[in-house]
Structure formats: structure tokens, C-alpha cells
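Numbering (full-length UniProt numbering), first residue to last: 1 to 154.
The beta-carbon is built from N, C-alpha and C at its ideal position, and this holds for glycine as well.
Take a look at the structure set out below.
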């Protein structure tokens with residue numbers, strides 16, 4: 001039996017680099033997502049479609065690996081979006097980046113992501129699983145954004 005767990009995150013942070021430098025980094029999917037914690041692998045399926053495969057996690061005798069496929073798009077200068085694409089997976093994820101210049105050497109980056117994850121747990125454990133998934137998601141995204149900021153400011 002499986003349950004669906006929904007998560008959502010929306011954060012903004014200031015970076016001491018140009019909006020162009022931030023966009024050039026974030027639009028490079030292969031380079032950017034390698035900074036995401038607990039990523040097992042990212043697979044380029046072509047046509048701006050990528051499959052994310054997270055590291056397997058386990059607790060209480062349950063082992064699970066999140067996989068999902070997304071298609072990236074951008075406006076060429078300040079926004080990058082990803083939306084669910086057909087393919088393998090047990091999750092649907094969407095989100096994006098919005099980069100706002102604050103002068104020549106500073107910008108604000110907005111990050112948003114929502115996901116629905118199919119978890120192999122009994123319905124009675126949904127509340128516990130939901131708390132664990134949300135905590136993991138928030139922690140991983142926070143680490144990811146810290147790594148992005150550090151790379152952009154180096």
C-alpha cells in the first residue's frame with residue numbers, strides 16, 4: 001500500500017553576484033543539480049528533460065528511492081521553470097527560479113518547488129511519513145540553496 005505526500009517550499013535569498021552569473025549557473029541543469037544533497041544521479045533524456053534519481057532512504061524496514069522526470073524551460077535571462085514530464089517515477093515535481101537584479105553585482109534569487117511523492121507506507125503511518133518527508137525535503141532544499149549561494153559568491 002502507498003500514500004501520496006505533498007510538499008511545497010518557497011524561499012528567496014540575496015546573492016553577491018550579477019543576475020547574469022546566477023542565471024548562467026542555474027540554467028546549467030547538470031552542474032546545478034549536482035549540488036543537491038542525496039542525489040544518486042541525474043539523467044539527461046534530451047530535449048531539456050531530466051530524470052532525477054535520489055539516494056535510497058530507509059527506516060523501520062521500509063526502503064524507498066524517489067525518482068521523477070521534469071522538463072526545464074527558461075526565458076533566457078531571469079526565470080527557469082521545471083514541470084512534470086512523462087517518464088519513470090514515483091513522484092511529480094514542479095518549480096522554478098526567479099532571478100531579480102539588484103545592481104551590477106547583486107541579485108535576489110527566488111526558489112519554489114512543489115512535489116507529490118508516492119510513499120510505500122500503510123495509511124496508518126501517513127502522518128509520520130508526511131512529517132519525515134517534509135523535514136527531509138526542507139533540509140535538503142536548504143542545503144542545496146546554501147551550496148548555490150556559496151558557489152555563486154566564490
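{"Item": "Beta strand (DSSP E) segment containing residue 111, residue limits", "Value": "107-119"}
{"Item": "Residue 53 versus residue 67: straight-line alpha-carbon distance, rounded", "Value": "5 Å"}
{"Item": "Residue 80 beta carbon less than 7 Å from that of residue 152", "Value": "no"}
{"Item": "Three-state secondary structure assigned by DSSP to residue 151", "Value": "helix"}
{"Item": "Residue nearest to residue 149 in terms of C-alpha spacing, selected from 55, 122, 111", "Value": "111"}
{"Item": "The beta strand (DSSP E) enclosing residue 79, as first and last residue numbers", "Value": "79-84"}
{"Item": "Residue range of the unbroken alpha helix (DSSP H) whose run includes residue 158", "Value": "As displayed, the chain neither begins before 1 nor continues past 154, which places residue 158 out of reach and without an answer."}
{"Item": "Proximity to residue 140 [Cα-Cα], best of 51, 20, 36, 15", "Value": "36"}
{"Item": "CA-to-CA distance, residue 82 to residue 49, given in whole angstroms", "Value": "9 Å"}
{"Item": "Residue 16 in three-state terms, based on DSSP", "Value": "coil"}
{"Item": "Distance, residue 125 Cα to residue 46 Cα", "Value": "38 Å"}
{"Item": "Member of 64, 104, 106 whose CA lies at the smallest distance from the CA of residue 38", "Value": "64"}
{"Item": "CB contact flag (residue 51, residue 34, <7 Å)", "Value": "no"}
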